[in-house]
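For the sequence shown, the working numbering begins at 82 and goes up steadily by one. This report refers to the structure that appears directly beneath it.
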Amino acid sequence: MDIAAIDRAKEHFGKLLEAQMKRMEKVKASPDWIDYSKISPLKIGILAGDGIGVTIAAQSKRVLEFLLQDEVKAGKVVITDIEGLTIENRAAHGCAIPADVLAEIRKYPITLKGPTTTPRKGDPWPNIESCNVAVRKELDLFANVRPVRIPKQGIDWIFFRENTEDLYALGSNGIDVDADISIDFKLITGPGSDRICRLAFENAKKNGRKRVTCVTKANVVKTTDGRFLENFYRIAKEYPGIEADDWYIDIMTAKLVDEKRRRDFQVLVLPNLYGDILTDEAAEFQGGVGTAGSANIGKQYAMFEAIHGSAPRMVTEGRAQYADPCSMIRAAAMLLNHIGYADKGKNLEMALDITGQYEKKMLITGRATGVTGAAFTDYVMDWVKNPKLEQTWEGYVKG
Ligand code: IPM
Ligand code: MG
82 MDIAAIDRAK EHFGKLLEAQ MKRMEKVKAS PDWIDYSKIS PLKIGILAGD GIGVTIAAQS
142 KRVLEFLLQD EVKAGKVVIT DIEGLTIENR AAHGCAIPAD VLAEIRKYPI TLKGPTTTPR
202 KGDPWPNIES CNVAVRKELD LFANVRPVRI PKQGIDWIFF RENTEDLYAL GSNGIDVDAD
262 ISIDFKLITG PGSDRICRLA FENAKKNGRK RVTCVTKANV VKTTDGRFLE NFYRIAKEYP
322 GIEADDWYID IMTAKLVDEK RRRDFQVLVL PNLYGDILTD EAAEFQGGVG TAGSANIGKQ
382 YAMFEAIHGS APRMVTEGRA QYADPCSMIR AAAMLLNHIG YADKGKNLEM ALDITGQYEK
442 KMLITGRATG VTGAAFTDYV MDWVKNPKLE QTWEGYVKG
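See the structure below:
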């Protein structure tokens with residue numbers, strides 16, 4: 082037995098624990114929620130990302146500038162580009178977020194971020210950590226909120242994916258112990274699960290949703306998922322009017338496809354990796370990951386983005402202009418909601434539901450067989466300028 086290898090692994094593990102204990106102290110001492118209404122001007126930073134990110138972030142920025150034009154004129158809101166989060170620049174610095182870019186990001190309580198390329202083993206890029214994951218950790222954006230709406234089918238789900246822990250927290254800190262054994266670490270903490278579960282219940286309470294469902298694999302992953310689930314039920318007791326139940330990730334993945342049962346789910350809360358996987362599945366029913374936006378929420382910062390990657394192949398094949406900007410425009414709608422412009426956010430969401438799911442006049446195929454992202458965005462903006470009917474899906478469909 083290679084005792085030296087065991088000792089190296091113990092030392093490695095000890096260092097990880099030290100860092101996590103320090104993180105816990107910070108989390109427990111973190112300041113309370115920022116109040117956007119008290120910040121003037123509110124600075125919104127646009128991070129274009131790379132790959133198709135550049136194209137679709139530009140379309141989303143156009144919508145945001147249009148909807149916030151009065152606030153920008155009045156000096157209440159400032160929208161600025163933040164440069165440097167490209168894969169080229171990150172690779173040149175050999176890190177997930179170059180220090181100067183991170184310092185710049187920290188000046189913006191709100192950011193809208195285009196997809197960024199995540200290198201993996203075998204890529205031409207150095208195998209640096211995903212910058213999504215790094216930004217979420219750096220700004221302590223603990224909640225990844227991902228709505229999926231299909232009004233036609235009565236589906237209105239909102240996923241609360243924990244965003245700073247689980248297999249992601251130490252995903253770049255695993256260890257090859259010896260020639261045979263590799264280990265990664267899964268981390269769940271009490272404060273980390275409490276705050277995401279609480280946010281899910283608060284959302285249900287605020288929006289009159291009657292059920293919150295926790296998704297884990299606590300029958301097998303007993304310690305970490307077990308803790309998450311236990312904390313979920315403890316927090317649930319604080320919300321007596323809301324039904325709390327839990328499912329394992331395997332059967333939940335199946336139930337999302339069950340047309341008889343799936344519209345019963347409302348708010349779902351789950352650890353990071355299950356949330357990553359389940360939200361891609363959920364988005365597929367809505368029209369694909371290209372249609373889904375997400376909000377990364379922390380107490381001091383919030384970052385809004387697409388749920389998908391940067392599709393570099395679309396760029397090399399010269400198809401970037403046909404990329405679907407819907408995900409990034411949905412992210413802009415969530416941004417508007419989050420900073421206190423709920424009416425504008427709702428109007429934009431309706432425009433996307435109706436143009437994308439009902440009218441389907443402006444079909445995006447990712448190729449020259451469909452419309453460009455810019456043409457689609459023009460159309461959405463026209464709809465937003467003249468919302469034609471009542472601001473409900475039912476109202477629209479009935480005519
Ligand atoms: C997402 C993405 C990221 C994740 C990748 C790009 C690291 O899939 O936002 O869901 O796994 O979180
Ligand atoms: Mg994902």
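Even for Gly, the Cβ is constructed at its ideal location relative to N, Cα and C. No experiment lies behind these values; they were computed from the predicted model shown.
TODO: Return the chain-ordered list of same chain residues with a C-beta closer than 7 angstroms to the C-beta of proline 406, the five sequence neighbours on each side being excluded.
DONE: Closer than 7 angstroms at Cβ, skipping near neighbours: Ile137, Gln140, Ser141, Gly454, Phe457 and Thr458.
Open item on the list: With H, G and I counted as helix, E and B as strand and the rest as coil, what does DSSP make of leucine 337?
Closed with: Here leucine 337 sits in coil by DSSP.
Open item on the list: Spatial neighbours of glycine 426 within its chain, please: C-beta separation below 6 angstroms, excluding the five flanking residues on both sides.
Closed with: The answer, listed in chain order, is Ala414, Leu417 and Asn418.
Open item on the list: On the CB-based measure, 16 or more other CB atoms within 10 Å of its CB, does glutamate 440 come out buried or exposed?
Closed with: Residue burial annotation: glutamate 440 is exposed, with fewer than 16 other C-beta atoms found within 10 angstroms of its C-beta.
Open item on the list: Using the three-state DSSP reduction, which class does arginine 227 fall into: helix, strand or coil?
Closed with: Residue state, collapsed to three classes: strand.
Open item on the list: By alpha-carbon positions, which one of Gly130, Gly235 and Phe266 ends up nearest to glycine 95?
Closed with: The shortest C-alpha to C-alpha distance from glycine 95 to any of Gly130, Gly235 and Phe266 is the one to Phe266.
Task: Cβ-heavy atom distance, serine 211 to the ligand IPM, below 7 angstroms - done: A heavy atom of the ligand IPM is found nearer than 7 angstroms to the CB of serine 211.
Task: Rounded straight-line distance, which links the Cα of leucine 280 to that of glutamate 106 - done: In a straight line, the C-alpha of glutamate 106 is about 20 angstroms away from that of leucine 280.
TODO: Can you check DSSP and say which residues form a bridge with threonine 297?
DONE: Answer is Tyr329, bridged to threonine 297.
Open item on the list: Do threonine 245 and glycine 273 count as a contact pair if the criterion is CB distance below 8 angstroms?
Closed with: The Cβ atoms of glycine 273 and threonine 245 lie closer than 8 angstroms to each other.
- [ ] Figure out for me which residue from Val465, Val452, Ile445 and Gln438 has the closest Cα to the Cα of isoleucine 236.
- [x] Considering only Val465, Val452, Ile445 and Gln438, the residue with the shortest C-alpha distance to isoleucine 236 is Gln438.
TODO: Quick one: using the 10 Å Cβ neighbour count with 16 as the cut-off for buried, is leucine 444 buried or exposed?
DONE: When all chains shown are included, leucine 444 counts as exposed.
Task: Residue from Met384, Lys154, Cys212 and Leu148 with nearest C-alpha to glycine 175 - done: Among Met384, Lys154, Cys212 and Leu148, the Cα nearest to that of glycine 175 is on Cys212.
TODO: Compute the distance between the beta-carbons of alanine 312 and arginine 242, then report whether it is under 8 angstroms.
DONE: Here the sequence assigns asparagine to residue 312, which means alanine is not the residue at that position. Result no, Cβ atoms of asparagine 312 and arginine 242 do not sit closer than 8 angstroms.
Task: alpha helix (DSSP H) runs wholly inside the stretch 100 to 185, at least 4 long, in chain order - done: 134 to 148, 150 to 154 and 168 to 174, all fully within the stretch 100 to 185.
- [ ] Assuming leucine 148 contacts leucine 429 (C-beta within less than 8 angstroms), just tell me the rounded distance between them.
- [x] Rounded, the Cβ-Cβ distance is 7 angstroms, consistent with contact.
Open item on the list: Could you tell me the alpha carbon to alpha carbon distance between aspartate 204 and arginine 290, rounded to whole angstroms?
Closed with: Each residue's Cα considered, the two are about 44 angstroms apart.
- [ ] Please work out which residues of its chain come closer than 6 angstroms, Cβ to Cβ, to proline 228, disregarding the five sequence neighbours upstream and downstream, and give them in chain order.
- [x] Taking proline 228 as the centre and dropping the five residues before and after it, the same chain places the C-beta of Ile239 closer than 6 angstroms to its C-beta, in chain order.
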